[in-house]
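Asks:
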Amino acid sequence: MSPLHKESTGNLIFVPALITLALTLLRLTGELLNWSPVFFNKSAGGGGALIGISWLVPFIGFYFAWRLHQAGTVPAGLGRLFGFAVLGLAVYAGVFMLALAVAKGNVWLVSTLGVVGAAAGLFVLRQAWPALFTSLFAYGLAARVPVVIIMFLAIMGNWGTHYDVAPPNFPAGMATFPKWVVIGLVPQLTFWMVYTVAIGLIFGGLAVLVAKRRPALA
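In the working numbering, the protein residues as written are 1475 to 1692.
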């Protein structure tokens, strides 16, 4: 076991998790104060906003992999790493698309199958590089649990941010707690966890490629 791994995953993710939390709070502040929508998009999903934690994932994956590689923890093979990363994404996407096809607007069925798809996808993703998977999974929880809490408060308080705005065609009249489960708890701990781990693994693989080329370039 490498010295870095003995140091604990917590030490590896601590600073990135703090940076992510700070960015999450900045995003919330910007939306509450009606700052530029280019940076703080308040629409459902908040997609495309320049201030957001999803943009951090490629850098986080690269950083974690670089640290692990420097400590002597390496993947079994880059082909295996990239292959399982893509396969894990495909498994989750396949189950989710199946859910959308068969659910016919039943958000609870979509959510349930989303959990199943995420569990299956994450199981596959772990095969890519277990050490990096562990770091990315822990970081994903550290990044997404605060968002889950913020979404709960935003939905209960009707803050008018992307944290509480339901997507189009969302069932009208749903109570606040079930709404939080459907648009907050489940997506944050399924889709965004799969995204964090899979994209982090892919960019982690790129970090290993760069690290392997360094001696040749020196």
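Glycine is no exception: its CB is placed at the ideal position from the N, C-alpha and C atoms.
For a quick check, are the C-beta atoms of Thr1547 and Ala1602 less than 8 Å apart?
Replies: Cβ distance not < 8 Å, so Thr1547 and Ala1602 don't count as in contact.
Asks: Please name the residue in Pro1620, Ala1573, Gly1591 whose C-alpha comes closest to that of Tyr1669.
Replies: That would be Gly1591, whose Cα lies nearest to the Cα of Tyr1669.
Asks: Under a Cβ-count criterion, where at least 16 other Cβ atoms within 10 Å of its own Cβ denotes burial, should Pro1549 be classed as buried or exposed?
Replies: Answer is buried; the Cβ neighbour count reaches 16.
Asks: Could you tell me the alpha carbon to alpha carbon distance between Phe1570 and Leu1542, rounded to whole angstroms?
Replies: Going from the Cα of Phe1570 to the Cα of Leu1542 covers about 32 Å.
Asks: Give the secondary structure of Val1684 by DSSP, where H, G and I count as helix, E and B as strand, and everything else as coil.
Replies: Val1684 falls in the helix class under three-state DSSP.
Asks: Taking 8 Å as the threshold (C-beta atoms), are Gly1526 and Arg1697 in contact?
Replies: Within the shown structure, residues of the chain are numbered from 1475 to 1692, placing residue 1697 beyond reach of any answer.
Asks: Tell me where the alpha helix (DSSP H) around Met1571 begins and ends.
Replies: Met1571 -> alpha helix (DSSP H) spans 1552-1577.
Asks: With 16 other CB atoms within 10 Å as the buried threshold, where does Ser1609 fall?
Replies: With 16 or more other Cβ atoms within 10 Å, it is buried.
Asks: If we require 4 or more residues per run, which alpha helix (DSSP H) segments fall completely within the stretch 1574-1617?
Replies: The stretch 1574-1617 contains these whole alpha helix (DSSP H) runs: 1581-1600.
Asks: With DSSP as the reference, label Leu1497 as helix, strand or coil.
Replies: Residue state, collapsed to three classes: helix.
Asks: Take the Cβ of Ala1575 as the centre, count every other Cβ of all protein chains shown within 10 Å, and call the residue buried at 16 or more, exposed below.
Replies: Exposed is the call here.
Asks: Where do the ends of the alpha helix (DSSP H) carrying His1636 lie?
Replies: Careful: His1636 lies outside any alpha helix (DSSP H) and carries neither H nor E.
Asks: Counting only beta-carbon separations shorter than 8 Å, does Pro1549 have a partner in chain D?
Replies: Absent from the structure is chain D; it holds one protein chain and no more.
Asks: Cβ of Val1619 within 8 Å of Cβ of Gly1658?
Replies: It is not a contact, given that the beta carbons lie outside the stated cut-off.
Asks: When you compare each of Thr1494, Phe1677, Glu1505, Val1656 to Ser1528 by their alpha carbons, which one comes out closest?
Replies: Ser1528 has its Cα closest to that of Thr1494, out of Thr1494, Phe1677, Glu1505, Val1656.
Asks: Measuring CA to CA, which of Ala1628, Phe1556, Met1625, Ala1612 is closest to Leu1599?
Replies: Per the Cα distances, Phe1556.
Asks: Would you tell me roughly how many angstroms separate the C-alpha atoms of Phe1651 and Thr1586, rounded to the nearest one?
Replies: Distance between the alpha carbons of Phe1651 and Thr1586 is about 16 Å.
Asks: Count the other CB atoms within 10 Å of the CB of Met1625; is the residue buried (16 or more) or exposed (fewer)?
Replies: Result: buried.
Asks: For the putative contact between Gly1614 and Val1671, defined by C-beta atoms under 8 Å, what is the C-beta separation to the nearest angstrom?
Replies: Right, their Cβ atoms sit about 6 Å apart.
Asks: Confirm, please, whether the CB-CB distance from Pro1511 to Ile1673 is below 8 Å.
Replies: Result no, Cβ atoms of Ile1673 and Pro1511 do not sit closer than 8 Å.
Asks: Using the Cβ count rule (16 or more neighbours within 10 Å means buried), how would you classify Leu1596?
Replies: When all chains shown are included, Leu1596 counts as buried.
Asks: Using the C-alpha atoms, what's the distance from Ser1482 back to Ala1642?
Replies: Looking at the sequence provided, one finds Pro at residue 1642 rather than Ala. Those two C-alpha atoms are separated by around 42 Å.
Asks: Who are the Cβ neighbours of Trp1633 in its own chain at under 7 Å, not counting the five residues just before and after it?
Replies: Contacts found: Leu1506.
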